[in-house]
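First up is the structure itself, then whatever we jot down about it.
2 protein chains.
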Amino acid sequence: MTYDPTVYPQFAVTVDLVALTLRNGALSVLLVERGEEPFRGTRALPGGFVRPDESAADAASRELSEETGLSIFPGYVEQLGTYSEPDRDPRMRVVSIAYVAFAPDLPEPVAGTDAAAASWMSVDDVRDLGFDHDTILADAIERVRSKLEYTTLATNFVTDPFTIRDLQCVYETVWGTTLDRANFRRKVLGTTGFVEPVDGVTTATGRRGRNAQVYRPGRAESLHPPILRAPM
Amino acid sequence: MTYDPTVYPQFAVTVDLVALTLRNGALSVLLVERGEEPFRGTRALPGGFVRPDESAADAASRELSEETGLSIFPGYVEQLGTYSEPDRDPRMRVVSIAYVAFAPDLPEPVAGTDAAAASWMSVDDVRDLGFDHDTILADAIERVRSKLEYTTLATNFVTDPFTIRDLQCVYETVWGTTLDRANFRRKVLGTTGFVEPVDGVTTATGRRGRNAQVYRPGRAESLHPPILRAPM
DNA sequence: CCAAAAGTGTTAGCCGTACACCCATGT
DNA sequence: ACATGGGTGTACGGCTAACACTTTTGG
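As given, the protein sequences belong to chains A and B, one line each in that order.
In this text, residue positions in the first sequence follow numbering that gives the first Met the number 0: the first is 0, and each later residue adds one.
In this text, residue positions in the second sequence follow numbering that gives the first Met the number 0: the first is 0, and each later residue adds one.
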């Protein structure tokens, strides 16, 4: 035992953000192009250092606002996991706490702000991110896919008055499958607290076809029974 | 923007361990009694600093071996989450990565080693741990309860040749419920890859009643369909 | 009228639940 | 013989999957 624990080692601690949304019918992630070494010119997940007086969750929320250019980020954020391989950053020892954010379709980041370098990209087109961010992104995608099964997470991908069909599109896009319309409707409406109807019809304009009832998110957070995707 | 990101702040990084096992028919956790401030004399989760050249997962495995006094820890370890509130350690800024370990019943930690101060305690009897360890333990218990539903985690709580009944006891103990014996058996055997039969009967000695077929863990890691506990 | 989308009905099969029953073993 | 625990059978209710049908709206 040659290790002296009274002198504890020092680490830099960062947050990395996997902000997910649905854009153009594809699950999309917010990426930045790095302006400095290492990995200058390659894409990476947004993120930054945790400050001495804030929690990692606070740092994640702060960075999300800065990177999207929105004063308050309108989605749901949860911790994904922590990545701590000694060589994951070539400069120094960095431990990074990754967060996943789920948001409805957001405006394109505005030039002239911190968010200028940020842009949305379909997760199917993402390859060769800097650091270990390919791994982090893969973990985040697996997280969102499985959380759709047994939580009401899907409501975080649509804006407040939404239709059952909107919800179905979330499931179909994230899972890459198709679902039976009638059965999906019954399943959602049969789960108390998943959605609540708003007493007014919608989308009377522009579209063909009958107008749809609109809903808001309900109070439930977990689904009993779950909505299972096909066993593969 | 008065923050200078070129001078990144320094943190201490630790791992905290929630080692769970089944002892005397109760879900039990490994605890240590702290020998120094802060929280001297109170119980806490085992853990320690991450060293400069190891990942957090390596640190978790190393600490588990040291605290249990076993050269190799015979269970399954996974990351639980990271706890980073600025005031969670009164001495300094510490970010702690928590791990959960699931193990079959292990021998009592041996005196005269690092593990001397460690002991198993039923989670129902645990209160007032130091730091934020009550929160971490609660998160770990919720994790194990939900992972029983949709993964083969239960096999990590029993030693290699086990019976279906042994598995059922894991579920009943962790969930605090009772399950129908016949239906549980069919569910387990009907899930391909959950368990594999060993061609020999068992426990011919000591017990009353018919001898039970013994099984080993299968290759599957996830359960389709899941074994759902009652909706509460 | 036709197309498109929302909403409802219906049926057959599967699965979960509950419980009864038989088999093997030790006292 | 009997108690104890392993293993099997079965019948019923509910849920799911698949698909047909009706209703509403725009072109």
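Just so it is clear, CB atoms sit at the ideal spot from N, CA and C, and this is done for glycine as well.
CB contact check: residue i to chain A, cutoff 8 Å
{"i": "L105 of chain B", "result": "no"}
{"i": "Q78 of chain B", "result": "yes"}
{"i": "A100 of chain B", "result": "no"}
{"i": "S279 of chain B", "result": "The requested residue 279 of chain B is not part of the displayed model; chain B covers only 0 to 231."}
{"i": "Q9 of chain B", "result": "yes"}
{"i": "R92 of chain B", "result": "yes"}
Contact set for residue i: own chain, Cβ-Cβ below 7 Å, skip 5 residues either direction
{"i": "E171 of chain A", "result": "T177 and L178"}
{"i": "P160 of chain A", "result": "V197, T201, V213 and R215"}
{"i": "T13 of chain A", "result": "G46, G47, F48, V49, V93 and S95"}
{"i": "R33 of chain B", "result": "R39, G40, T41, A43 and G129"}
{"i": "G192 of chain A", "result": "G217, R218 and A219"}
{"i": "P225 of chain B", "result": "E148 and Y149"}
{"i": "S60 of chain A", "result": "F72 and V76"}
Contact set for residue i: own chain, Cβ-Cβ below 6 Å, skip 5 residues either direction
{"i": "S83 of chain B", "result": "V94"}
{"i": "R92 of chain A", "result": "F10"}
{"i": "S54 of chain A", "result": "none"}
{"i": "F72 of chain B", "result": "L63 and S64"}
{"i": "A58 of chain A", "result": "V14 and V49"}
Distance between beta carbons of residue j and residue i, contact taken as under 8 Å
{"i": "L63 of chain A", "j": "A18 of chain A", "result": "6 Å"}
{"i": "P103 of chain B", "j": "F156 of chain B", "result": "6 Å"}
{"i": "L222 of chain A", "j": "T150 of chain A", "result": "6 Å"}
{"i": "E77 of chain A", "j": "V109 of chain A", "result": "With a Cβ gap of about 26 Å, E77 of chain A and V109 of chain A do not count as contacting."}
{"i": "A153 of chain A", "j": "V169 of chain A", "result": "4 Å"}
{"i": "P233 of chain B", "j": "P89 of chain B", "result": "The structure shown does not extend to residue 233 of chain B, since chain B spans only 0 to 231, so no value can be given for it."}
Any chain B beta carbon closer than 8 Å to residue i
{"i": "P73 of chain A", "result": "no"}
{"i": "P224 of chain A", "result": "yes"}
{"i": "V188 of chain A", "result": "The residue you asked about is not Val; residue 188 of chain A is Leu in the sequence shown. Judged by the 8 Å Cβ criterion, L188 of chain A is not in contact with chain B."}
{"i": "R218 of chain A", "result": "no"}
{"i": "W119 of chain A", "result": "no"}
8 Å Cβ shell around residue i - same chain, five flanking residues per side excluded
{"i": "I163 of chain A", "result": "F183, R184, V187, L188, V194, A211, Q212 and Y214"}
{"i": "W174 of chain B", "result": "R144, L147 and R228"}
{"i": "N285 of chain A", "result": "What is shown of chain A runs 0 to 231, which leaves residue 285 of chain A out entirely."}
{"i": "M0 of chain A", "result": "The predicted position of M0 of chain A is uncertain, since its pLDDT is 45 and thus under 50; no value can be drawn from it."}
{"i": "D138 of chain A", "result": "L79, G80 and A97"}
{"i": "R87 of chain B", "result": "V93, S95, F130 and D131"}
{"i": "T67 of chain B", "result": "A18, L29, L105, P108, A114 and A117"}
{"i": "P85 of chain A", "result": "R92"}
{"i": "T134 of chain A", "result": "Y82"}
{"i": "S27 of chain A", "result": "L19, T20, L21, W119, M120, S121 and V122"}
{"i": "D141 of chain B", "result": "A quick correction: the sequence has Glu, not Asp, at residue 141 of chain B. None."}
{"i": "A25 of chain A", "result": "S121, V122, D123 and T172"}
beta-carbon residue i near the ligand FAD non-hydrogen atom, thresh 7 Å
{"i": "L166 of chain A", "result": "In the structure on display, the ligand FAD does not appear, and there are no ligands present to speak of."}
Residues within the region 124-144 of chain A neighbouring chain B, beta-carbon criterion of under 7 Å: none
Those runs of the beta strand (DSSP E) which lie wholly inside the region 26-70 of chain B and span at least 3 residues: Qualifying beta strand (DSSP E) stretches, in chain order: 46-48.
Whole runs of the beta strand (DSSP E) within the region 186-222 of chain B, excluding any shorter than 3 residues: 194-200 and 212-216
Members of the region 42-71 of chain A that neighbour chain B once the beta carbon cut-off is set at 8 Å: Only G47, F48, V49, R50, P51, D52, E53, S54, A55 and A56 from the region 42-71 of chain A bring a Cβ to less than 8 Å from some Cβ of chain B.
Residues, ordered as in the chain, of the region 11-43 of chain A that lie near chain B by beta-carbon distance below 9 Å: A11, V12 and T13
Chain A contacts from the region 145-177 of chain B (Cβ-Cβ distance under 7 Å): For the region 145-177 of chain B, which is checked against every Cβ of chain A, not one residue is closer than 7 Å.
Whole runs of the alpha helix (DSSP H) within the region 83-122 of chain A, excluding any shorter than 4 residues: none
Start-end ranges of the alpha helix (DSSP H) lying completely within the region 118-170 of chain B, minimum 4 residues: 132-149
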